[in-house]
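The block underneath contains the structure these notes are about, expressed in structure tokens.
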Amino acid sequence: MRLLRSIRFNIFLGLLIALAAAVGTLLPQVPEVPEKVSQFHQAHPQWSKLFDFFGLFNIYQSWWFMGMLGLMAFDIIVCKLWNKPPDVGMVALPPEINREEEIERQLSRKEAALKLKPYQALLRSDLPFDDAFGKAEGALKEAGYRLSPEFRGASGGAFVATKHGLQRWGSYIAHIALVVILAGSLVKGLFGFVEMVPVLEGGSRAMQNKPDWEVYVDKFTVRYYEGTRTPKIFSSVMRVQQGDRELGAKTIYVNDPLDIGGVRFYQASWGAGGMFRSVTLKIGAQKLSLPQKKRVKIKGTPFTVEADMMLPNFTIKDGQADTASLDLQNPAVRLSFTAGPHKTSPLWLFENNPELCFVEDENGMLDHAPKPPFQIVAIDPVLFSGIQVAYDPGYRIVLTGAILWLTGIVSLFYLHRRRLWVLVEPDDGQARITLGGWSSRGPKEYEREFQGLVKRLGSSLACSDFQISRNPLLEVS
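Next comes the structure, spelled out in structure tokens:
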């Protein structure tokens, strides 16, 4: 228990959590970008085994990360919230001032205690004791102070006036909020999920975390900035089915998801695989529309042509055709020509670079070919919509914690707690009022306000004289 209450251990644990979060930001995570995790596995197979063992590709759901969050929450409870807030010098009245049967003894102790406050004031009122006591309470209430009466008798009375008392609890509210936020994170890690569901336009796919939910993309739309392949906006007309029952349907955009009982479907990405509806091939004056894997006759010749594969971002890897990504940056189509029983070697043609051509041998190896007398002028690809599905049951808990944390920080740093100890005594038909003042921001910050309060009391109490002094034993800076 002593270790858990150590500030050094708190700092060390916080740094470990921050380091783990940084690693989770730098390394691709399976729930968000599974394709990048696969690429990392292919590029770094040895490191991938080690990272998989420690769960670094799914850090936020790993047992050790959940354990650190739980330990941090427990640590905050033990260190900060085990005891009630300290209130040194700020209790209802100083410890030596208690209810006693001997009023005279009480009064002498109160006067001694008030002299320990950073600021003191002595006022003499022309009003009788009862009127002066009531006027003093009323003036401080009007100034926004909350009163706590201590005692009142024939020989005198005392009360404490407090303003912005919530400031005392600011640090505790902030620490409670951290525990709430950590609890929400644990709930998300234990019971929530994030997964990517890539769905071809016009197709469907079942979810991994909810296998009986089928995600359909009826239409996918992407618009580009004029003259570029940079997407301007993309959206999916989607629906979710559970058997024959439709759970929800919506056209989703990047920041406008479909919400079904807390399970949110976001438009996260898009891309092209190897499928296409048609390719337009220009041969002389002819334009042929080639569906995928269907032979089309070239008029006036004995040849037929077939387009069987498309790569969205063509590149060459180990001498063979490959794609660098699923973005339509450099689309290429593989064609083959047939005349009777004879079939040519496949050719790779490019929509954006018609002068470039590669020939592919029986082993899939590529070689440059002369510029062909035909070219690809258009490709109608079948795109897929990358839908991110997220369920976060801890969201409301974290949101509550964030609001609590903001409340605690504001009350701690922006509220200025003040306390006045007021002692009223009868004095030959008049009244003698002794004040002690304290502020959470230090004596110097409170000096002008204290002087204004004393003058306000003096006016309300019809005081003929008042004195303001500092405690010489306390440094006022």
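Taking the numbering used here, the leading residue of the sequence shown gets 5, the next gets one more, and so forth.
Beta carbons are placed, not taken as given, at the ideal position from N, Cα and C, and that holds for glycine.
Computed from a predicted structure; not experimentally measured.
In this structure Lys139 is buried. Its beta-carbon is surrounded by 16 or more other beta-carbon atoms within 10 angstroms.
For Glu39, the enclosing alpha helix (DSSP H) covers residues Pro38 to Ala47.
If you ignore the 5 residues before and after Glu250, its C-beta comes within less than 8 Å of the C-beta of Arg243 and Val244, all in its own chain and listed in chain order.
If you check the CB distance, Val198 and Val219 do not come in under 9 Å. Listed in chain order, the beta strand (DSSP E) runs fully inside the region 360-393 are 361-364 and 370-372, counting runs of at least 3 residues. Under the DSSP assignment, Asp135 falls in the alpha helix (DSSP H) whose first and last residues are Phe133 to Glu146. A Cβ-Cβ distance of about 6 Å is found for the pair Arg233 and Leu332, placing them in contact under the 8 Å criterion. By the 16-neighbour rule on beta-carbons within 10 angstroms, Tyr418 is exposed. Closest by C-alpha distance to Val203, out of Ser239, His168 and Gly169, is Ser239. By the criterion of a C-beta distance shorter than 7 Å, Gly169 is surrounded in its chain by Arg150 and Arg421, once the five residues flanking it on both sides are discounted. Here Phe307 is not near Val393, since their CB atoms are 9 Å or more apart.
Within its own chain, the residues whose Cβ lies closer than 7 Å to the Cβ of Ile401, once the five positions on either side in sequence are excluded, are Val184, Ala187, Gly188 and Val191, listed in chain order. It is roughly 18 Å from the alpha-carbon of Lys53 to the alpha-carbon of Pro35. Distance from Phe280 to Ile383 at the Cβ level is roughly 6 Å; contact confirmed, criterion being Cβ atoms closer than 8 Å. Residue nearest to Ala406 within the set Val300, Ala181 and Ser443 is Ala181 (criterion: CA-CA distance). By the CB criterion at 9 Å, Ser340 and Leu351 fall inside the cutoff. Taking C-beta atoms as the reference points, Pro49 and Lys40 fail to come closer than 9 Å.
Rounded to the nearest whole angstrom, the CA to CA distance from Ala26 to Leu19 is 10 Å. Assignment of alpha helix (DSSP H) within the region 277-327, counting only whole runs of 4 or more residues, yields no such run. Within the region 396-476, complete beta strand (DSSP E) segments of at least 3 residues are found at 422-431, 434-443 and 467-474, given in chain order.
With distances taken between CA atoms, Val241 lies nearest to Gly207 out of Ala47, Gly207 and Pro215. Exclusion of the five residues before and after Val337 leaves Val283, Ala311, Met314, Leu353 and Ile380 as the residues of its chain whose Cβ lies within less than 6 Å of its Cβ.
Note on geometry: alpha-carbon atoms of Val428 and Arg436 lie some 6 Å from one another.
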